[in-house]
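Here the structure comes first, spelled out in structure tokens, and everything after it is commentary.
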Amino acid sequence: MSAARMSLSTLPAVSPRRRRTDRIMRGLLVLATAVALVPLVLVIYYLLKKGLSSWTSGGFFSSDPNGNFFGNPGGIRSAIFGSLEIVGLATAIAVPIGIAVALYLTEYGRESRFADVVRYFVDVMTGVPSIVFGLFIYIVLVIAKVGGAFTGWKASLAVALLMLPIVVRSAEVVLLLVPSSLREAALALGAPRWRVIARVVLPTSVSGLTTGSLLAVARGMGETAPLLFTVSTAFALTGNLSHQMNTLPVQIYTDIQSPRNAIEARAWGAGLTLVALVLIFNLIARLISSRSRMA
Amino acid sequence: MGASATTVSGGRSALERSPLSRLPDQLLQWILTALAAAILVLIGYFFVRLIGQSSTSINHFGFSFVFGNNWDAAHNIFHALPLVVGTLVTSAIALLLGVPVAIAAALFLTEICPRRVRGPLAIVVDLLAAVPSVVWGLWGVFVLAPKLLPAEKWFASTFSFIPWLGGGTVNLYNYFIAGLVLAIMILPIVSAIAREVISTVPSQDKEASLALGATRWEMIRMAVLPYSRSGITGGAMLGLGRAIGETIAVVLLIGSNPILGKHLFSPGYSLAAVIANEFGEAANEPIHKSALFEAGLVLFILTLLINIAARWFVSRGTHGKRVAGGAMTGVMLEET
């Protein structure tokens, strides 16, 4: 004991040079983290500063853009509803298919060669630029004029393609967390596989699946490029997904390119709306996941 | 027990399910497998159709589509070198500016930051990924580009002796400003993967170096970084894939000029940007349209190769441990 303490006390102190390097490098790491946060703070600051005034201007949420070159350019009602409708349909397509593929990966495919290939290509899909998905749908459906040229549901398909890999990979992570003892217990009691999946695996992981799906929704909501090639744009509010529709991202994109101040202001207001929607989906997702962890 | 007690008619065990009740099980397995296979078929089908649509341009221009320096829509000449260069230059700027910051932030969050702040801070960094690219474009056009213009002018005239950097006129929209916004956009995914990879460094390695008297930074430099180098490289390459394919923010900020820029602050063009921008006017010109599809094809193949390489690095970098799917898709579930 005492010998150990003695030898400790005789250890040479860390040299000033090494201590200085340590301090400087730590400082740099802190600085870099701060730098990483600057753009987020700035973008939110400007969105609030320039967007809130359009929010409070009359009819921003209750009128559609009118295309008038002079006077009031109109609000963003049709854009909000168009975005929600398109992403809603995309979610209805991507979430069931995505969870089904994830179920295949965890319950049937597992470590098999084919499952690994599927996993690999799903990962590769996440790296495909969103504009390429837009081109895919354009080539397959828009050029062929399947049910009209530019339509809302084609945009939904393009967005669903983007969301699919996110849903699959996040669902797989969550499904793997279901303890295999639960599955085995149900199987040992004589339940067939499909009942094990429907009654044990899915209910146990429902909150995690919701989280992943909501994050995919948040991602799909903000995509612009695929919309340009699939739904184009429109002014009027429509509930009909087989028409051209207005969407928030495309509205912002076209508004940015306008030289008029009133339209720039609408772009900021629409940008604030879009970020608010995306953040809401993100926050709900994180709330659900943190709540389920506590339980 | 005798055999007669456990078998029913047909000779199967009483504990065995009847063929009819086994049907839903097989059906489910079959459907799920078919869906998984459908994804592969779909990707292949898209690829073939994309090649088909760009065949006019491929036959017409051959390899000069990629290496020829003349993109002239008015005369239907489509040699995309200026666009390829624009894509590569902006992505390189994004990597140069974004990756060091992303890695530093990841190191801070995993190794230095107090445990209590770690979770919330990580979420805030991830929120960067929640801002849609059109909003980055909006902010870039109306705030960042005009505010940075004086600084860019000063930089270009001060360092005008360095080729590529300065000397010419500084455009409001240029390669640099597009690359800067790309750097911001790839930061969260690179940082998320770096965090994931760094967290797989065995704590014995770190504790051993600390016990040998290393300072925190020396521990990071000698234990953490060598172990996670490959994984971080993979993360950076995933970021590169993102930067190459990013469209909307770039189209708004790069200046839309299909001529090879002379220096960093010249206006340029990128592959993705040209597709989004010229798409409308190309509608009645088959060769123009086909050229845009070929630009998409080049983009697709480029990002595919980069992603495949990136995944190889990441899987090697985590030493066999599978990185959670969340990080790969760029969507982080909360860290535990």
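Chains A and B, in that order, give the protein sequences. Just so it is clear: in the first sequence, position 20 is 20 by the working numbering, and no numbers are missing. Just so it is clear: in the second sequence, position 172 is 172 by the working numbering, and no numbers are missing. A virtual CB, placed ideally from N, CA and C, is assigned to each residue, including glycine.
Could you pull the start and end residues of the beta strand (DSSP E) that residue i belongs to?
i: residue 421/B; result: In the structure as shown, chain B begins at 1 and stops at 336. Residue 421/B is therefore absent and cannot be evaluated.
i: residue 277/B; result: Not the beta strand (DSSP E): residue 277/B falls in the alpha helix (DSSP H), residues 271-278.
i: residue 80/B; result: 77-80
i: residue 72/B; result: 69-72
Measuring alpha carbon to alpha carbon, tell me which of the options ends up nearest residue i.
i: residue 149/A; options: 228/A, 83/A, 118/A; result: 228/A
i: residue 174/B; options: 43/B, 214/B, 265/B; result: 265/B
i: residue 172/A; options: 248/A, 145/A, 190/A, 95/A; result: 95/A
i: residue 268/A; options: 282/B, 143/B, 193/B; result: 143/B
i: residue 250/B; options: 176/B, 212/B, 239/B; result: 176/B
i: residue 274/B; options: 289/B, 284/B, 285/B, 263/B; result: 289/B
i: residue 191/B; options: 260/B, 16/B, 99/B, 76/B; result: 99/B
i: residue 156/B; options: 147/B, 146/B, 170/B, 148/B; result: 170/B
i: residue 43/B; options: 136/A, 26/A, 28/A; result: 136/A
i: residue 96/B; options: 307/B, 237/B, 302/B, 316/B; result: 237/B
i: residue 54/B; options: 292/A, 197/A, 139/A, 282/A; result: 139/A
i: residue 293/B; options: 21/B, 58/B, 30/B, 306/B; result: 58/B
i: residue 218/B; options: 206/A, 188/A, 21/A; result: 21/A
i: residue 315/B; options: 41/B, 302/B, 230/B, 63/B; result: 230/B
i: residue 311/B; options: 241/B, 276/B, 280/B; result: 241/B
i: residue 65/B; options: 308/B, 298/B, 306/B, 307/B; result: 298/B
i: residue 184/B; options: 36/A, 27/A, 92/A; result: 36/A
i: residue 102/B; options: 38/A, 60/A, 59/A; result: 38/A
Cβ of residue i within 7 Å of any heavy atom in the ligand ATP?
i: residue 130/B; result: Inclusion of the ligand ATP in the displayed structure is not the case, the ligand content being empty and no account of it being possible.
Could you check the C-alpha separation between residue i and residue j for me, to the nearest Å?
i: residue 108/B; j: residue 233/A; result: 44 Å
i: residue 260/A; j: residue 279/A; result: 29 Å
i: residue 206/B; j: residue 195/B; result: 15 Å
i: residue 253/B; j: residue 141/A; result: 30 Å
i: residue 152/A; j: residue 236/A; result: 13 Å
i: residue 81/A; j: residue 51/A; result: 19 Å
i: residue 276/A; j: residue 209/B; result: 46 Å
i: residue 198/B; j: residue 168/B; result: 43 Å
i: residue 267/B; j: residue 174/A; result: 46 Å
i: residue 287/B; j: residue 60/B; result: 9 Å
i: residue 15/A; j: residue 223/B; result: 20 Å
i: residue 126/A; j: residue 71/A; result: 43 Å
i: residue 189/B; j: residue 313/B; result: 15 Å
i: residue 196/A; j: residue 110/A; result: 16 Å
i: residue 325/B; j: residue 170/A; result: The pLDDT assigned to residue 325/B is 43, lower than 50, so where the model puts this residue is not dependable; a value taken from the coordinates is nonetheless given after this. Going by the C-alpha atoms only, they are around 6 Å apart.
i: residue 137/B; j: residue 231/A; result: 21 Å
i: residue 332/B; j: residue 286/A; result: Residue confidence for residue 332/B is low, a pLDDT of 41 falling below 50, so the modelled location carries little weight; the figure read from the coordinates is stated next. Computed Cα separation, rounded: 10 Å.
So residue i and residue j are supposed to be a Cβ contact under 8 Å. How far apart are they, rounded?
i: residue 168/A; j: residue 183/A; result: Not really, about 20 Å apart at Cβ, beyond 8 Å.
i: residue 300/B; j: residue 87/A; result: With 8 Å as the limit, residue 300/B and residue 87/A do not qualify as a contact, their Cβ atoms being about 24 Å apart.
i: residue 28/B; j: residue 101/A; result: Contact flag wrong, Cβ pair sits at about 13 Å.
i: residue 94/B; j: residue 179/B; result: 5 Å
i: residue 258/B; j: residue 50/B; result: Not a contact, Cβ separation roughly 22 Å.
i: residue 75/A; j: residue 62/A; result: 6 Å
i: residue 90/A; j: residue 246/A; result: Actually they are not in contact, since the Cβ atoms of residue 90/A and residue 246/A sit about 16 Å apart, beyond 8 Å.
i: residue 43/A; j: residue 135/B; result: 7 Å
i: residue 377/B; j: residue 128/B; result: The structure shown does not extend to residue 377/B, since chain B is modelled only from 1 through 336, so no value can be given for it.
i: residue 244/B; j: residue 302/B; result: 6 Å
i: residue 118/A; j: residue 105/A; result: 7 Å
From which residue to which residue does the alpha helix (DSSP H) around residue i run?
i: residue 60/B; result: 19-61
i: residue 170/A; result: 152-176
i: residue 115/B; result: 115-127
i: residue 116/A; result: 113-127
i: residue 67/A; result: Premise fails: residue 67/A is in no alpha helix (DSSP H) and is neither H nor E.
i: residue 237/B; result: 225-245
i: residue 36/A; result: 16-56
i: residue 262/B; result: Careful: residue 262/B lies outside any alpha helix (DSSP H) and carries neither H nor E.
i: residue 253/A; result: 248-256
i: residue 185/B; result: 175-198
i: residue 194/A; result: 193-196
i: residue 242/A; result: Taken as a continuous stretch (DSSP letters only), residue 242/A belongs to no alpha helix (DSSP H), as it is neither H nor E.
i: residue 81/A; result: 77-103
i: residue 130/A; result: 130-137
Could you list the residues in the segment 278-290 of chain A with a C-beta less than 7 Å from some C-beta on chain B, going in chain order?
Going along the segment 278-290 of chain A in chain order, one finds 278, 279, 282, 286, 289, 290 with a Cβ nearer than 7 Å to chain B.
Looking at chain A, which residues of the segment 26-45 of chain B have a Cβ within less than 7 Å of any of its Cβ atoms?
Considering only beta carbons, the part of the segment 26-45 of chain B lying closer than 7 Å to chain A consists of 28, 29, 32, 33, 35, 36, 39, 40, 43, in chain order.
Under 8 Å, CB to CB, which of the residues in the segment 272-284 of chain B have a partner in chain A?
Correct list: 272, 275, 276, 279.
At a CB distance below 9 Å, what residues from the segment 251-264 of chain A approach chain B? Give them in sequence order.
Here the close residues are 252, 253, 255, 256, 257, 264.
In chain order, what residues of the segment 120-134 of chain A put their CB closer than 9 Å to some CB of chain B?
Answer set for the segment 120-134 of chain A: 120, 121, 122, 123, 124, 125, 126, 127, 128, 129, 130, 131, 132, 133, 134.
Selection of the segment 230-246 of chain B by Cβ proximity to chain A, strictly under 9 Å:
Taken in chain order, the members of the segment 230-246 of chain B whose beta-carbon sits within less than 9 Å of a beta-carbon on chain A are 238, 241, 242, 244, 245, 246.
Pull out every residue of the segment 24-39 of chain A whose Cβ sits closer than 7 Å to any Cβ of chain B, in chain order.
For the segment 24-39 of chain A, the set of residues with a beta-carbon nearer than 7 Å to any beta-carbon of chain B comprises 25, 26, 28, 29, 30, 32, 33, 35, 36, 37, 39, in chain order.
Quick one, which residues of the segment 206-219 of chain A are near chain B if we go by CB-CB under 9 Å, in chain order?
Across the segment 206-219 of chain A, CB contacts with chain B closer than 9 Å involve 208, 211, 212, 215, 216, 218, 219, in sequence order along the chain.
Selection of the segment 100-117 of chain A by Cβ proximity to chain B, strictly under 8 Å:
When C-beta distances to chain B are compared with 8 Å, the residues of the segment 100-117 of chain A below that value are 100, 101, 103, 104, 105, 107, 108, 109, 114, 115, 117, in chain order.
Members of the segment 304-318 of chain B near chain A, C-beta cut-off 9 Å
Within the segment 304-318 of chain B, the residues whose Cβ lies closer than 9 Å to some Cβ of chain A are 304, 306, 307, 308, 310, 311, listed in chain order.
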